[in-house]
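Q:
Number of protein chains: 2
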Amino acid sequence: MTDRFEEKTVSSTSIYEGKIIDVKVDTVQLPDGNQSKREIVTHPGAVAILAITDENKLVMVEQYRKPLEKSLIEIPAGKLEKGETPEGTAIRELEEETGYTTDHIKLINSFYTSPGFADEIVYIYLADNLQRLEQTVEGDEDEFVTMKEVTIEEAEELEKNRRIHDAKTSYALMYAKQYLSEY
Amino acid sequence: MTDRFEEKTVSSTSIYEGKIIDVKVDTVQLPDGNQSKREIVTHPGAVAILAITDENKLVMVEQYRKPLEKSLIEIPAGKLEKGETPEGTAIRELEEETGYTTDHIKLINSFYTSPGFADEIVYIYLADNLQRLEQTVEGDEDEFVTMKEVTIEEAEELEKNRRIHDAKTSYALMYAKQYLSEY
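As structure tokens, then:
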């Protein structure tokens, strides 16, 4: 892979070190020799789970999203914690957010969410053979989510109404539509 | 729409005001009465264009992405500028990044890229009936991109090799695969 457009770091200034994100501004040297600034958010990465019940329903969670000042309906998701594999995170988040667990989970894709300003990557898993946990698992104490099970048609209606309105869930929904007919 | 999980802002601290992003930390009151912090990146929003040539090729651009320290191959995209409509931005970015223009463009979806920590929204357009511009249009002076035209099969191969590896492009590619057969 040629990176003839590589932007070499001339200097890097840490702006903020937070609980979830860090922010820095890099001064870079451009391919034409000029300098520019790059504002960069670093993030630990995340997983998201397209979980399908035995009745072919999609498991979703509703959650308030402070940056948007509204709640969205999304597939279950969460940040990678230190020492966890993405698959381990996926099963933990599924358990915490939905009360389901599974032994049948596979990675379907991964992608950077906003490569222009952030390094966040999301791993998208497909999970089925869902089993209800007998005991609920406590999630983050500052996270309030409600679980919903919806058909693909209901999910498409939620997307039309912009109650579903984020990249990972729109991607997962199109994946479900495309592949679950063969399922 | 009920937002019974609304997180009321107790206080808000500006951390950074940049060229592309701003960063703030809000102290919020949770539904259970406790307080927590929310780290929030604000962004003007962006458009991305799934542009299809008369030969049914997808128009892509290769660009170095500093947050990832590597280049990716993506559909053309760019930030909303003040006073622009998303469709106006889409046509401008298509012209600047690819040398094509069009009078045939439609919105296919929009989504928040990282609703947990950012308010960035991306509007995804489908464009065809592409016409080559006689004169190239200058883009941002600190942006270096190379245009590529690929078949859907080539794009899928690039995705397997993680040269295509961002949310909007993976979404657009699945859309192209699903809908262009009926096209």
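First to last, the sequence lines map onto chains A and B. Each step along the first sequence adds one to the number in full-length UniProt numbering, with nothing skipped, and position 52 is 52. Each step along the second sequence adds one to the number in full-length UniProt numbering, with nothing skipped, and position 120 is 120. Cβ coordinates follow ideal geometry from the N, Cα and C atoms, glycine included.
1. Give a yes or no on whether the minimum CB-CB distance between B/Y171 and chain A is below 9 angstroms.
2. Taking the alpha-carbon positions, what's the A/P44 to A/L80 distance?
3. Is there a Cβ of chain A sitting closer than 9 angstroms to that of B/V59, yes or no?
4. For chain A, find out if any of its Cβ atoms is closer than 9 angstroms to the Cβ of B/K19; answer yes or no.
5. Is the beta carbon of B/D142 sitting closer than 9 angstroms to the one on A/S71?
6. Compile a chain-ordered list of the residues in the segment 32-60 of chain B whose CB is closer than 8 angstroms to at least one CB of chain A.
7. Is the segment 146-153 of chain A touching the segment 48-64 of chain A, taking contact as three or more C-beta pairs under 8 angstroms?
8. Taking the CB atoms as reference points, tell me whether A/Y171 and A/I124 lie closer together than 9 angstroms.
9. Who are the near neighbours of B/E93 in its chain, counting only those whose CB is closer than 7 angstroms to its CB and skipping five residues on each side?
10. So which residues of chain A does B/V174 contact, with C-beta pairs closer than 8 angstroms?
11. What does A/P115 touch in chain B if you count any residue whose Cβ is under 7 angstroms from its own?
12. Straight-line CA distance for B/E55 to B/G83?
13. Please state whether the Cβ-Cβ distance between B/V122 and B/E96 is less than 9 angstroms.
14. Does A/S11 come within less than 9 angstroms of chain B when only Cβ atoms are used?
15. Using only the alpha-carbon positions, how far apart do A/E159 and A/Q63 sit?
16. Can you name the residues that DSSP bridges to A/T42?
17. When you compare only the Cα positions, how much space is there between B/D119 and A/G33?
18. Less than 9 angstroms between the C-beta atoms of A/T42 and A/K24, yes or no?
19. Measuring only between beta-carbons, confirm whether A/I15 sits less than 9 angstroms from chain B.
A: A quick look at the data gives this:
1. The residue you call residue 171 of chain B lines up with position 171 of the second sequence. Yes, its Cβ sits closer than 9 angstroms to a Cβ of chain A.
2. By one-based count along the first sequence, residue 44 of chain A stands at place 44. By one-based count along the first sequence, residue 80 of chain A stands at place 80. Those two C-alpha atoms are separated by around 6 angstroms.
3. The residue you call residue 59 of chain B lines up with position 59 of the second sequence. B/V59 does not count as touching chain A.
4. Locating residue 19 of chain B in the second sequence gives position 19, where the first residue counts as 1. Yes, because at least one Cβ of chain A sits closer than 9 angstroms to the Cβ of B/K19.
5. Here residue 142 of chain B refers to the residue found at position 142 of the second sequence. Here residue 71 of chain A refers to the residue found at position 71 of the first sequence. Cβ atoms of B/D142 and A/S71: not closer than 9 angstroms.
6. D32, N34, S36, K37, R38, E39, I40, V41, T42, H43 and A46
7. yes
8. Within the first sequence, numbered from 1, the residue matching residue 171 of chain A stands at position 171. Within the first sequence, numbered from 1, the residue matching residue 124 of chain A stands at position 124. It is a contact, given that the beta carbons lie within the stated cut-off.
9. On the second sequence, position 93 is the one that residue 93 of chain B refers to. Same-chain partners within the cutoff: V47, I49, P76, A77 and G78.
10. The residue you call residue 174 of chain B lines up with position 174 of the second sequence. First, the residue type needs correcting, since residue 174 of chain B is Met and not Val in the sequence shown. By Cβ distance, chain A contributes Y171, M174, Y175 and Q178.
11. Position 115 of the first sequence, counted from the first residue, corresponds to residue 115 of chain A. Within 7 angstroms Cβ-Cβ: R65, P67, L68, L72 and D166.
12. Counting from one through the second sequence, the residue named residue 55 of chain B turns up at place 55. Counting from one through the second sequence, the residue named residue 83 of chain B turns up at place 83. Cα to Cα, the separation comes out at about 34 angstroms.
13. Along the second sequence, read from residue 1 onward, the residue named residue 122 of chain B stands at position 122. Along the second sequence, read from residue 1 onward, the residue named residue 96 of chain B stands at position 96. No, the Cβ-Cβ distance between B/V122 and B/E96 is not below 9 angstroms.
14. The residue you call residue 11 of chain A lines up with position 11 of the first sequence. For A/S11, the answer is no, since every Cβ of chain B falls outside 9 angstroms of its Cβ.
15. Within the first sequence, residue 159 of chain A is the residue found at index 159, counting from 1. Within the first sequence, residue 63 of chain A is the residue found at index 63, counting from 1. So the alpha carbons of these two residues sit roughly 15 angstroms apart.
16. Here the question's residue 42 of chain A lines up with position 42 in the first sequence. A/D22.
17. Within the second sequence, residue 119 of chain B is the residue found at index 119, counting from 1. Within the first sequence, residue 33 of chain A is the residue found at index 33, counting from 1. The straight-line gap from Cα to Cα measures roughly 33 angstroms.
18. One-based indexing of the first sequence puts residue 42 of chain A at position 42. One-based indexing of the first sequence puts residue 24 of chain A at position 24. In contact: A/T42 and A/K24 (Cβ atoms closer than 9 angstroms).
19. Within the first sequence, the letter at position 15 stands for residue 15 of chain A. Taking Cβ atoms only, chain B reaches closer than 9 angstroms to A/I15, which makes this a yes.
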